Amino acid sequence: MSVDETAPLRVLVVDGDPRVRADVISLLQSSDELEVVAETSDGTAALPLAERLRPDIVLLDAAAARTGHATPLSRASRVFVLASPDDQSIEVALRGGACGHLVPGTFTVRDLIRGVRDASRLSLGLSAREAEVMDLIATGRSNGEIARQLFLSEKTVKNHVNRIYSKLGVSSRATAIALWRGMMSVLPAKD
100 MSVDETAPLR VLVVDGDPRV RADVISLLQS SDELEVVAET SDGTAALPLA
150 ERLRPDIVLL DAAAARTGHA TPLSRASRVF VLASPDDQSI EVALRGGACG
200 HLVPGTFTVR DLIRGVRDAS RLSLGLSARE AEVMDLIATG RSNGEIARQL
250 FLSEKTVKNH VNRIYSKLGV SSRATAIALW RGMMSVLPAK D
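Anchor point for the sequence shown: position 30 equals 129 in our numbering, and the numbering is continuous, going up by one each time.
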């Protein structure tokens with residue numbers, strides 16, 4: 100598997116309100132860290148799109164979340180529900196595998212990326228410091244650069260990298276980055 104360390108995270112936007120969908124897409128397109136690969140107005144149409152395009156992130160509106168679309172979409176992507184904080188669909192979607200929720204019109208690109216990274220950190224079992232190191236690895240930084248940025252010794256960074264590889268069950272930076280960025284949907288089974 101070839102992995103481009105600087106490739107943007109691929110996003111599928113699912114929202115029945117064309118105005119909200121356009122606003123979300125406009126926000127995402129303002130970042131070089133995200134690429135909108137498709138958009139649709141309903142969850143049923145999102146399923147074949149997600150299967151064909153394999154987005155890293157699916158932004159799913161409350162209506163699609165209420166009808167159970169978060170579960171199949173979350174098998175291969177990080178799903179975030181676009182809903183007001185008191186919407187009942189959030190709980191349904193979280194139980195179905197969604198990573199979190201965002202309030203349309205109030206979240207930023209940084210909020211979305213932070214949500215993806217937090218979900219990756221939790222699902223992959225990394226500590227907060229390991230997640231911080233993994234973020235820097237994913238941007239293409241060397242151990243020396245990471246050490247300088249985090250005010251650590253290179254040996255400490257190397258120890259963090261070794262623990263990250265062990266927890267992820269990988270042996271290369273490219274594979275660790277692919278997992279971190281959500282490009283590989285399933286971790287290998289551990290015996």
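We put the beta carbon where it would ideally sit given N, CA and C, even for glycine. Treat the numbers as computed from the prediction; the structure is a model and nothing was measured.
Of the residues the options, the one placed nearest residue i, counting alpha carbons only
i	options	result
Thr139	Ala246, Arg120, Val256, Pro184	Arg120
Leu158	Arg151, Ala145, Arg220, Arg280	Ala145
Ala237	Val135, Ile124, Leu278	Leu278
Glu134	Ser252, Glu229, Val208, Ile189	Val208
Ala175	Pro154, Glu253, Gly268, Met233	Pro154
Ser183	Cys198, Thr170, Gly167, Ala161	Ala161
Phe250	Gly214, Arg228, Val136	Arg228
Within 8 angstroms, strictly: CB atoms of residue i and residue j
i	j	result
Pro147	Asp131	no
Ala246	Val256	yes
Lys266	Leu225	yes
Arg240	Ala230	no
Ile189	His200	yes
Ser263	Ala273	In the sequence on display, residue 263 carries Ile and not Ser. No; because the gap between Cβ atoms is not below 8 angstroms, this pair is not in contact.
Per-residue burial, residue i [other beta carbons within 10 Å of its own, 16 or more giving buried]
i	result
His270	Looking at the sequence shown, residue 270 is not His but Ser. The residue is exposed, with fewer than 16 neighbouring Cβ atoms inside 10 Å.
Arg280	buried
Val202	exposed
Arg194	exposed
Arg109	buried
Presumed contact (8 angstroms Cβ cut-off) between residue i and residue j, rounded CB distance
i	j	result
Ala149	Leu172	5 angstroms
Val180	Gly196	About 11 angstroms separates the two Cβ atoms, so there is no contact after all.
Val123	Ala164	With a Cβ gap of about 15 angstroms, Val123 and Ala164 do not count as contacting.
Gly167	Asp141	Contact doesn't hold; Cβ gap of about 13 angstroms is too wide.
Just list the alpha helix (DSSP H) runs in the stretch 152-184, keeping only unbroken ones of 4 residues or longer that don't cross its boundaries, in chain order. 161-165, 169-172
With a floor of 3 residues, list each beta strand (DSSP E) that falls wholly inside the stretch 103-141, ordered by position along the chain. 108-113, 133-139
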